[in-house]
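Visitor: In the numbering used here, the protein residues as written are 338 to 489.
The C-beta atom is built at its ideal place from N, Cα and C for all residues, glycine as well.
Set out below in structure tokens:
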């Protein structure tokens, strides 16, 4: 059975608000647990809004910097998702490469890597099509200008 692409997984605003509430309550008390921060960050990187995704990446980076954290593998995985959703594909692949050094046959990581590479190819093709269209449009304008100048 093929897994759903985590890059297409968008959380509901209600779910995000629930985890945001828990995070903010702990923040107001002066100490946010790693669990609350991780849960909130995971939902942020699955938001449809780039600003939320960026905030999630920042929270995950903060968690990753803690030397005693046992969830580093999960932090890195979601950092890869967040960066890929922000179209920072090279950064995302760097995180995945680190995971694959430790777990070279991790199917979840391999599938995410394949999904990111596919999106990179699609972005490159779109860019080439846009550039090709611009060159074609410029060529038409130049040709039209030459034709009009010869007419006079």
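1) Under the assumption that residue 392 contacts residue 400 (Cβ atoms under 8 angstroms), give the Cβ distance between them as a whole number of angstroms.
2) Under the assumption that residue 418 contacts residue 344 (Cβ atoms under 8 angstroms), give the Cβ distance between them as a whole number of angstroms.
3) What does a CB cutoff of less than 8 angstroms around residue 359 pick up in its chain, not counting 5 residues either side in sequence?
4) Report all residues from its chain with a CB closer than 7 angstroms to the CB of residue 351; omit the five preceding and five following residues, and keep chain order.
5) Does the distance from the CB of residue 426 to the CB of residue 383 come in under 8 angstroms?
6) Rank 424, 362 and 487 by C-alpha distance to the C-alpha of residue 386 and give the top, closest one.
7) What is the DSSP secondary structure of residue 420, reduced to helix, strand or coil?
8) Around the C-beta of residue 347, are 16 or more other C-beta atoms found within 10 angstroms, so that it is buried, or is it exposed?
9) Using a Cβ-Cβ cut-off of 8 angstroms (strictly less than) and excluding sequence neighbours within five positions of residue 403, which residues of its own chain qualify?
10) Can you round the beta-carbon distance between residue 503 and residue 436 to whole angstroms, since I take them to be within the 8 angstroms contact cut?
11) Measuring from the CB of residue 373, is there a heavy atom of the ligand GTP at a distance below 7 angstroms?
12) Does the beta-carbon of residue 405 have 16 or more other beta-carbons within 10 angstroms, so that it is buried, or is it exposed?
13) In terms of alpha-carbon separation, which member of 362, 485, 445 and 487 lies closest to residue 341?
Guide: In short:
1) Taking the first residue of the chain shown as position 1, residue 392 is located at position 55. Taking the first residue of the chain shown as position 1, residue 400 is located at position 63. Residue 392 to residue 400, Cβ: 13 angstroms. No contact.
2) On the chain shown, position 81 is the one that residue 418 refers to. On the chain shown, position 7 is the one that residue 344 refers to. Correct: roughly 7 angstroms between the Cβ atoms.
3) As a first step, residue 359 is located in the chain shown; it is residue number 22 there, counting from the start. Excluding sequence neighbours, residue 359 sits near 373, 376 and 377.
4) Residue mapping note: residue 351 aligns to position 14 of the chain shown, counting from 1. If we look at residue 351 and ignore the five residues flanking it on each side, it has no Cβ neighbours.
5) Numbered from 1 along the chain shown, position 89 holds the residue referred to as residue 426. Numbered from 1 along the chain shown, position 46 holds the residue referred to as residue 383. In terms of Cβ geometry, residue 426 and residue 383 do not form a close pair [threshold 8 angstroms].
6) Locating residue 386 in the chain shown gives position 49, where the first residue counts as 1. Measuring from the Cα of residue 386, the nearest candidate turns out to be 424.
7) For this step, residue 420 is matched to residue 83 along the chain shown. Helix at residue 420.
8) Working through the chain shown from its first residue, we reach residue 347 at position 10. Residue 347 comes out exposed.
9) In the chain shown, counting from the first residue as 1, residue 403 sits at position 66. The answer, listed in chain order, is 371.
10) No answer is possible for residue 503: the residues shown for the chain start at 338 and end at 489.
11) Here there are no bound small molecules, and the ligand GTP is not part of this structure.
12) For the purposes of this step, residue 405 is taken as residue 68 along the chain shown, with counting starting at 1. Exposed, by the Cβ-count rule.
13) If you number the chain shown from 1, residue 341 lands on position 4. Nearest option by C-alpha distance: 445.
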